[in-house]
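Numbering-wise, my numbering puts 420 at position 111 of the sequence shown, and it's gapless, one number per residue.
In this text, a Cβ means the ideal position worked out from N, Cα and C, and glycines have one as well.
Worksheet: the structure to be examined is printed underneath.
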Amino acid sequence: MFTYEQADSLTYDELSDLYKKFSNKNLPDLYGKFSFGSKVMHRAYESFVEDREGNQYVDLTGGLGVANFGHNPNRIIEARKRFSNENRVEIHKNYLNRFLAAASANLAEILPGDLNVSFFCNSGAEAVDGSLKLSYKYHKGVRKKVLRSDRSFHGKTIGAGSLSYGDNFVAGNARFSFQKIPGVLTYDFNSIPSIKDQLSLNKDDIYAIYVEPYSCSTLTECSAEFMKELREICNENKIILVFDEIYSGFGKCGYNFYMEKYGVVPDIVCLSKALGGGKSSISAYVASTEVWNTAYGTYAGALMHSSTYNSFGEECVTVLETTQMLGELNVAKRSKSVENFIIPRLVDLKNRYPDVISEVRGSGSHCGLILKPDYKVVQALAASIPISFFQDPLFVKKLITTSFIEEYFSKHKIITAFTSNQEVIWNISPSPIIDQNILSQSLDKLELVIRNGPLKNISNFVVKNFTKGSSV
């Protein structure tokens, strides 16, 4: 049995071996294709991560939307320590939880409109699942259809995954599709005519419509006209409008919540990621009082949705801090400042390297580049690449983007990531609280990677990972 000290002292080889035996067999080989995947990361703070050797790396992933307050924010750590040191009650459900009550009130305070009633759970996908149940129950189970857009990501549980749409390439033998909940229909992103087409075919049978006001997996937004007309359509047809602000919320994309840009309030909003301040696995779905009371406003309904780990005391204490810090630290304003700094720099790179960069997108501190595919380079190296990888229709674009990510990390100690919902996007997505000097230096180094061009970056990456005898 491992102790804390023994686990902390594991070498990379020992760690990799344990993963292969007891956790995820292929993950070490997958991560091992990148220089960062063969590092043992030791500590993190603000916008930095350090490995065991003391090397410091700039994190331009923003913890994938989790670290809006930076890594290990002192204020949140101190609040959690206080709760723990005072031996506060954590788990019982036989009586009311004052920290849950206060956290719910704080969320109601910072959210717009009448989004007043919260249920706390553990992940964004679980929040989406809970919102599905609530929407379905609101209509007493009579309506059977739910709409999701054709560029959406809501999570990987069966329920949330049923509402997600996009790239789901898994491995060597192409795609795998999990079972879906019944009644899921698709509309074209940002298209009112598409919504109306579904309504005409399924009149009085749609219980909810799911929308990401800002699609963080594709870096695209809904129009104001779409959002406002959709709200009217849902009102007229008594359809529950659900916003997924799991990633875009808590200041990440330039607004406390992206819905504020439009002045449109949903019936339910799903939250997670930065809600827990990087220290808590907590999420929430928050509904209007009318929707909640109609669905669950009875003695029986009060117990209709619960889970063992929902609303743990220390997690709720964390929410008390993040809901206050959002405004006190001006996170949305700082995120907008990051956008105003990053986007012009990326556009300048696109203008100077038009053969490498095809498009720049972003809002707030969540920005990205779409790189141009260089098929000639890949064709020249095709003999070194296993044919199974070409079964992924996005493989070439992923290969190009990941080669740039690898170069940026291995040569300049900067961590980035990509998304591949509809397109492959290289995300430049720092925490909103990043120091501008650090960001400026990082973007200077980004130019060096772009200047290399795809040939050099892809060649280095392929030689490392796909030459004969390497693990694939």
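Out of the options, state which residue places its alpha-carbon closest to the alpha-carbon of residue i.
| i | options | result |
| --- | --- | --- |
| S707 | S509, E314 and T728 | A quick correction: the sequence has Lys, not Ser, at residue 707. Of S509, E314 and T728, the residue nearest in Cα terms is T728. |
| R457 | L757, I549 and E732 | I549 |
| D576 | P421, D657 and L757 | P421 |
| L764 | L752, P682 and Q745 | P682 |
| N511 | Y496, E521 and Q488 | Y496 |
| V771 | K754, F713 and D744 | F713 |
| F378 | G450, I591, T617 and Y354 | Y354 |
| C430 | S486, S413, A417 and Y445 | S413 |
| T710 | P702, K720 and A726 | A726 |
| F796 | R654, F498, L494 and L472 | Since the first residue shown for the chain is 310 and the last is 781, residue 796 is missing from the structure and cannot be characterised. |
| L584 | P337, Y618 and N565 | N565 |
| V569 | A641, K402 and K330 | Here residue 569 turns out to be Glu, not Val, going by the sequence shown. With distances taken between Cα atoms, E569 lies closest to A641. |
| S615 | K402, K659 and R661 | K402 |
| R661 | I759, A609 and S590 | I759 |
Please list the terminal residues of the continuous alpha helix (DSSP H) segment that includes residue i.
| i | result |
| --- | --- |
| Y605 | T598 to Y605 |
| S413 | R407 to I419 |
| V571 | Inspection of the sequence shows that residue 571 is occupied by Tyr rather than by Val. Here Y571 belongs to no alpha helix (DSSP H), and DSSP marks it neither H nor E. |
| H351 | Segment M350 to Y354 is the beta strand (DSSP E) holding H351; no alpha helix (DSSP H) there. |
| N383 | N383 to N394 |
| D438 | G433 to Y447 |
| L472 | I467 to L472 |
| H721 | F704 to H721 |
| L528 | Looking at the DSSP string, L528 is not in any alpha helix (DSSP H), and its letter there is neither H nor E. |
| F331 | Y321 to F331 |
| D506 | I501 to L510 |
| D683 | Careful: D683 lies outside any alpha helix (DSSP H) and carries neither H nor E. |
| Q315 | Y313 to D317 |
Please list, in chain order, all residues of the same chain as residue i whose beta carbon is under 7 Å from its beta carbon, the five residues on each side excluded.
| i | result |
| --- | --- |
| R384 | E630 and M634 |
| K465 | A434 |
| F462 | S473, G475, S526 and N730 |
| Y340 | G346 |
| D438 | T466, G468 and A469 |
Which first and last residues belong to the beta strand (DSSP E) in which residue i is found?
| i | result |
| --- | --- |
| L580 | I577 to L580 |
| G671 | I666 to S672 |
| Q745 | Taken as a continuous stretch (DSSP letters only), Q745 belongs to no beta strand (DSSP E), being part of the alpha helix (DSSP H) at Q745 to N774. |
| C543 | Per DSSP, C543 belongs to no beta strand (DSSP E); it is in the alpha helix (DSSP H), A533 to N546. |
| A797 | The structure shown does not extend to residue 797, since the chain is modelled only from 310 through 781, so no value can be given for it. |
| D368 | Q365 to D368 |
| I679 | H675 to L680 |
| I734 | I734 to I737 |
Does DSSP put residue i in a helix, in a strand, or in coil?
| i | result |
| --- | --- |
| L519 | The sequence given here has Tyr at residue 519, not Leu. Three-state result, Y519: strand. |
| Y496 | strand |
| V426 | strand |
| T627 | helix |
| V551 | strand |
| S458 | strand |
| A611 | helix |
| A480 | Note on A480: pLDDT 44, under 50, position unreliable in the model; the coordinate value appears next. Of the three classes helix, strand and coil, the one that applies to A480 here is strand, per DSSP. |
| E359 | strand |
| L276 | The structure shown does not extend to residue 276, since the chain is modelled only from 310 to 781, so the question has no answer here. |
| L339 | helix |
| A376 | coil |
| S592 | strand |
| N649 | helix |
Output yes or no for whether 7 Å exceeds the beta carbon distance between residue i and residue j.
| i | j | result |
| --- | --- | --- |
| I419 | T632 | yes |
| F357 | F718 | no |
| A469 | Y594 | no |
| T527 | R460 | yes |
| V578 | F559 | no |
| F621 | E399 | yes |
| E716 | I679 | no |
| S644 | G673 | yes |
| P382 | G586 | yes |
| K561 | G374 | yes |
Using C-beta distances below 6 Å, list every residue in its chain close to residue i, excluding the 5 sequence neighbours before and after it, in chain order.
| i | result |
| --- | --- |
| K342 | N774 |
| V574 | P421 and G422 |
| Y366 | V358, K722 and I724 |
| F392 | E623 and V626 |
| A604 | L443, K446 and Y447 |
| L757 | none |
| C531 | N499 and P522 |
| K325 | It is Ser, not Lys, that sits at residue 325 in the sequence shown. Closer than 6 Å at Cβ, skipping near neighbours: P337. |
Starting from the C-beta of residue i, find all residues in its chain whose C-beta is less than 8 Å away, skip the five residues before and the five after it, and write them out in chain order.
| i | result |
| --- | --- |
| I652 | V669, G671 and C676 |
| L638 | F378 and I742 |
| F535 | N499, S500 and I501 |
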